[in-house]
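Worksheet: the structure to be examined is printed underneath.
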Amino acid sequence: MFEIVVAVIIAFLIVLLAMPTTIRILKEKGKVGIDVHKSAKPEVAKGGGYVVLFAIVTSLLAIIGYITFIRAEAVDPALLAALVSILMAGMIGLLDDNLDFRTRTKIALPLIASIPMAVMAVGTTTISIPFVGTVEFGAFYPLIIVPLIMTFIIDSTNMYGGMNGLEAGLAAVNSSAVVSYVFLLPLFTGNALVQSQLDSGTVAAALLGAVLAFLVYNKYPAKILPGDVGRLPIGAAIAVALILGNMDRLAIIIFAPFAVNFLLYIIYRIHVKRTGMDYVKFANPREDGTLEVVGPFTMYWVLPHFFKNMTEKKNVFLLVIFQALLAYGTVFLLLIAYPWGVGLF
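Position in the sequence shown (first residue = 1) + 4 = my numbering.
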């Protein structure tokens, strides 16, 4: 558990202390984006993901160093694979921020970040499927299922964002749910954690510390935006944490809203193509700060569509609260159900 606590603290302090200087440098270099959900359309520093990525990686490297030199033990290869996958996701995000890939390319590229996890065969080959039971997938799991899981989580994390504090808030909820599960599991089972569970908690803790500190600067009204260099490694970090810990049931439930968001986006693109209407990417802010949307075509457009007094700040708050209820409720139910054989591990 020591590693989990240290990972949170290191990542949190790096982002908290480095972000003010990062904001200043990005503005001086002209690395800014338009905060589209404000009527004044202010320019905001863009690229906070650089620091988030650096914090996650540095935190994990510190833990790896602790295991190697202080505990004098071999580092779990799965943790190293997770670290490389997060780094690769960050590199893909950096390229996308600078080259602005087409949508199809954006969706496919995260598959590359899954390669380290696949070739190291991280995770168990059995999956607990709700209403079906435990299924053995053999080599099909690391070679096919792991890449698909990682690609979906990275892509859906990237898509479910765009409002001040939304990406970081959702990531904080999801990563804290994983950390909470790892902390509470021994209390419910009476068993010590295995290495894969500790690794899962450590990665989730590094992500949690980084995004909590990032929220200080990214919450409404945002002083800095994450960019794809932040969103993609955030998605990769939570994906590898879930895979490391074999948290299949938790993953299915907490990423259900992300799947719905993706399906709504597909419906919207089909609707645009069939009707010939213009594709609108962002909500339109009214003078009073409320949001006008073309329809309920993403999770973060549903509330503004049905409630005309919905502001960006209120919308993000309600979405994060909904995710928290879903994630923490799932953790509680799975822990309670563990003695009856339907736990995650």
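The C-beta atom is built at its ideal place from N, Cα and C for all residues, glycine as well. None of these values were measured; they are calculated from a predicted model.
Mind checking residue i: buried by the 16 CB within 10 Å criterion, or exposed?
i: Ile-325; result: exposed
i: Leu-348; result: With a pLDDT of 39 at Leu-348, under the threshold of 50, the modelled position of that residue is not reliable, and no figure is offered here.
i: Leu-337; result: exposed
i: Gly-205; result: buried
i: Met-23; result: buried
i: Leu-147; result: exposed
i: Gln-201; result: buried
i: Arg-235; result: buried
i: Phe-6; result: exposed
i: Pro-230; result: buried
i: Ala-86; result: buried
i: Lys-277; result: exposed
i: Lys-45; result: exposed
i: Gln-327; result: buried
i: Arg-273; result: exposed
i: Val-150; result: buried
i: Phe-262; result: buried
i: Ala-217; result: buried
i: Trp-344; result: Reliability of the predicted coordinates at Trp-344 is poor, the pLDDT of 49 falling under 50, and no value is obtained from them.
i: Asn-195; result: exposed
i: Val-215; result: buried
i: Met-350; result: Because the chain here runs from 5 to 349, residue 350 falls outside it and cannot be looked at.
i: Ile-38; result: exposed
i: Ala-76; result: exposed
Start and end of the beta strand (DSSP E) containing residue i?
i: Ala-49; result: 47 to 50
i: Val-61; result: Counting along the chain, Val-61 falls outside any beta strand (DSSP E), though it belongs to the alpha helix (DSSP H) covering 53 to 69.
i: Glu-140; result: 137 to 140
i: Val-36; result: 36 to 38
Below 8 Å on the Cβ atoms is my contact criterion, and I expect residue i with residue j to pass it. Report the Cβ-Cβ distance as a whole number of Å.
i: Leu-322; j: Ala-210; result: Going by Cβ atoms, the distance from Leu-322 to Ala-210 rounds to 28 Å, so no, they are not a contact pair.
i: Asn-222; j: Asn-168; result: 6 Å
i: Thr-302; j: Leu-268; result: 5 Å
i: Ile-14; j: Thr-72; result: Not really, about 16 Å apart at Cβ, beyond 8 Å.
i: Leu-17; j: Val-233; result: Going by Cβ atoms, the distance from Leu-17 to Val-233 rounds to 20 Å, so no, they are not a contact pair.
i: Lys-317; j: Tyr-224; result: 4 Å
i: Val-186; j: Leu-197; result: 7 Å
i: Ile-27; j: Ile-228; result: 5 Å
i: Arg-290; j: Ser-118; result: About 41 Å; that fails the 8 Å criterion.
i: Asp-203; j: Asp-80; result: 6 Å
Suppose contacts are defined by Cβ-Cβ distances below 7 Å. Is residue i in contact with residue j by that definition?
i: Leu-3; j: Pro-308; result: For the chain, the structure presents residues 5 to 349; residue 3 sits outside this window and is missing.
i: Leu-246; j: Ala-172; result: no
i: Val-9; j: Val-55; result: no
i: Gly-34; j: Leu-57; result: no
i: Ala-181; j: Val-284; result: no
i: Tyr-145; j: Thr-129; result: yes
i: Ala-82; j: Val-126; result: yes
i: Val-244; j: Val-207; result: yes
i: Phe-266; j: Ser-160; result: yes
i: Ile-238; j: Ala-175; result: yes
i: Lys-50; j: Val-36; result: yes
i: Ile-158; j: Ala-240; result: yes
i: Ser-89; j: Pro-114; result: no
i: Ala-226; j: Val-48; result: yes
i: Phe-192; j: Leu-339; result: yes
Terminal residues of the continuous alpha helix (DSSP H) containing residue i?
i: Val-233; result: 232 to 248
i: Glu-77; result: Counting along the chain, Glu-77 falls outside any alpha helix (DSSP H), and DSSP gives it neither H nor E.
i: Lys-31; result: 6 to 32
i: Gly-205; result: 199 to 222
i: Thr-193; result: 170 to 193
Relative to the ligand FAD, is the shortest distance from any of its heavy atoms to the C-beta of residue i smaller than 6 Å?
i: Pro-114; result: Because no ligand of any kind appears in the structure shown, any question about the ligand FAD cannot be addressed here.
Exercise. Could you pull out every unbroken beta strand (DSSP E) segment of at least 3 residues lying fully inside the stretch 253 to 332, listed in chain order?
Key: none
Exercise. Run through the stretch 104 to 161 for me and flag every whole beta strand (DSSP E) of 3 or more residues, listed as ranges in chain order.
Key: 130 to 133, 137 to 140
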